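Reading the sequence shown from the start, the letters are residues 1 to 386 in the UniProt record's numbering.
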Amino acid sequence: MPITGSGWAEGTNVILDPHTICNKTRRLRGRLAEICKDKVLMAEIINGIDLGFQECKFQFSNLRWNCTTLRRSIRKILMKDTRETAFVNAITAAGVTYQVTRAYTKGIIGDYALPNKKGAQQRKNYVGLNNITANTIPNSKRGKQNNGRVQNRKQRLRGDGKAGSHKKPPPPPPPNPQLAKQIRDQWKWSGRDENVNVGFRKAREFLDARYRRRRSDIKTLVKLHNNRVGRLAVRDHMQKRCKCHGLSGSCTVKFCWKALPNFREVGYRLMEHYEGATKVIARNDGIGFMPEGPATIKPPSKHDLVYTDESPDFCVNNPKTGSLGTVNRKCNATSAGVDGCDLLCCDRGHYKLTLYQKVSCNCRLEKLCKIHCDECPQKVVENYCH
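Following this line, the structure appears as structure tokens:
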């Protein structure tokens, strides 16, 4: 079930319910109103938000706060600008950027995959080395060569041509290096690399629009900064991919493009920024923020997550903070890490639960090369927090 369909409140920045916002389109103006009118684009934005939250759940699955999407919890969590809120804002912005970019690349949304019709025609006409060779032969000579081949074929079919009397057509001239370079330049220009900028821009227009009027507010500045961190985690880490064209495996013509990274890599990268997030306070000029603490602390870069509020410990259920606690959370009794029972259970101890599950056993090869297995009970011991 889509996260955005769960009745999110408008105060939850990037996790706004798009349907609620777009029901007020008559009061909206500019690009946000245009986005709301595009149903296909809105569907991809919703998919991007869900993509971000699925990755958030994966990254936090073994931590005290497991990125729950229960409304009564997440609404309270996102009211404070904690590390967790910073990550949610960033990963959701990254998800929208990623999903919209992929939709444009596949042609699902609009006609933005190529900058113009000329670029599309260049990409359509490009077929590799054979095309380069054909383009190096003048049209007049190419016509004469084709006519000669047709006459030779007619003579062979009539049988009035002596064996071996017909001449083979002359070999095509070697590839034109200048033309090859031109086609490589045309391919690079043809627009694949621009798609991520479309996704970047649409994510910014939709997720940041409601906050840009309050840029002097520290909470707004933090939200806009973390949104941008998420978008940059996609745009600045596009992966270069290349393909060669040529005879006999040669790489006479090589064209390259930038492709989206695996979104799991985006999640890991933002998780590193979460662990190294910087606590900030408002600057005296009211138009920015600076690190809290000594002046020797390095200011956060455009890739660093920032926050203003300390996180709760998430050990016990607290309706005021949105913490659900860790009671009955599954833990690893043999781990000394964050997923271990000592840390995850906040030193409250844990209990064991013995389960029996059916597994395949006594497998054997029978007639007609069929494998037959029995079902045997297997004892499984799991640990849960008190």
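In this text, a Cβ means the ideal position worked out from N, Cα and C, and glycines have one as well. This structure is a prediction, so every number in the text was calculated from the model and none was measured.
In this structure, Phe206 sits near Val96, with a CB-CB distance shorter than 8 Å. According to the DSSP assignment, Lys258 belongs to the beta strand (DSSP E) that extends over Val253 to Ala259.
A Cβ-Cβ distance of about 7 Å is found for the pair Ile74 and Gly322, placing them in contact under the 8 Å criterion. If you keep only unbroken alpha helix (DSSP H) runs of at least 4 residues inside the region 287–344, you get 341–344. In this structure Asn89 does not touch Lys240 by the C-beta definition: roughly 29 Å separates them, more than the 8 Å allowed.
Contact between the region 353–362 and the region 371–383 is established, with three or more Cβ pairs separated by less than 8 Å.
A direct Cα-Cα distance of roughly 22 Å separates Leu51 from Met79. For Ala233, the uninterrupted alpha helix (DSSP H) segment begins and ends at Ile218 to Arg235. DSSP places Tyr98 in the uninterrupted alpha helix (DSSP H) bounded by Arg83 to Thr105. Residue pairing for Lys243: DSSP places it in a beta bridge opposite Phe255. Contact between the region 319–333 and the region 292–307 is absent: fewer than 3 CB-CB pairs across the two stretches fall below 8 Å. In this model, Val196 and Tyr98 are separated by some 8 Å (Cα to Cα). Here Thr278 carries a strand assignment [DSSP, helix/strand/coil]. In this structure, Phe58 and Gly267 form a Cβ contact; the two beta carbons are roughly 7 Å apart against a cut-off of 8 Å.
Within the same chain, Ile109 come within 6 Å of Val40 by CB-CB distance, once the 5 residues on both sides are set aside.
Between the alpha carbons of Thr82 and Thr105 lies a distance of about 35 Å.
The closest CA to that of Ile281, considering only Leu63, Val306 and Met238, is found on Val306.
Around the beta carbon of Asp208, 16 or more other beta carbons sit within 10 angstroms, so the residue counts as buried. Ser73 carries a helical assignment under DSSP once its states are collapsed to helix, strand and coil.
Only residues of its own chain outside the window of five on either side were considered, and among them Glu44 and Ile109 have a CB closer than 7 Å to the CB of Ala103, listed in chain order. Contact annotation: His350 and His372 have beta-carbon atoms that are not nearer than 8 Å.
Rounded to the nearest angstrom, the gap between the Cα atoms of His225 and Cys22 is 24 Å.
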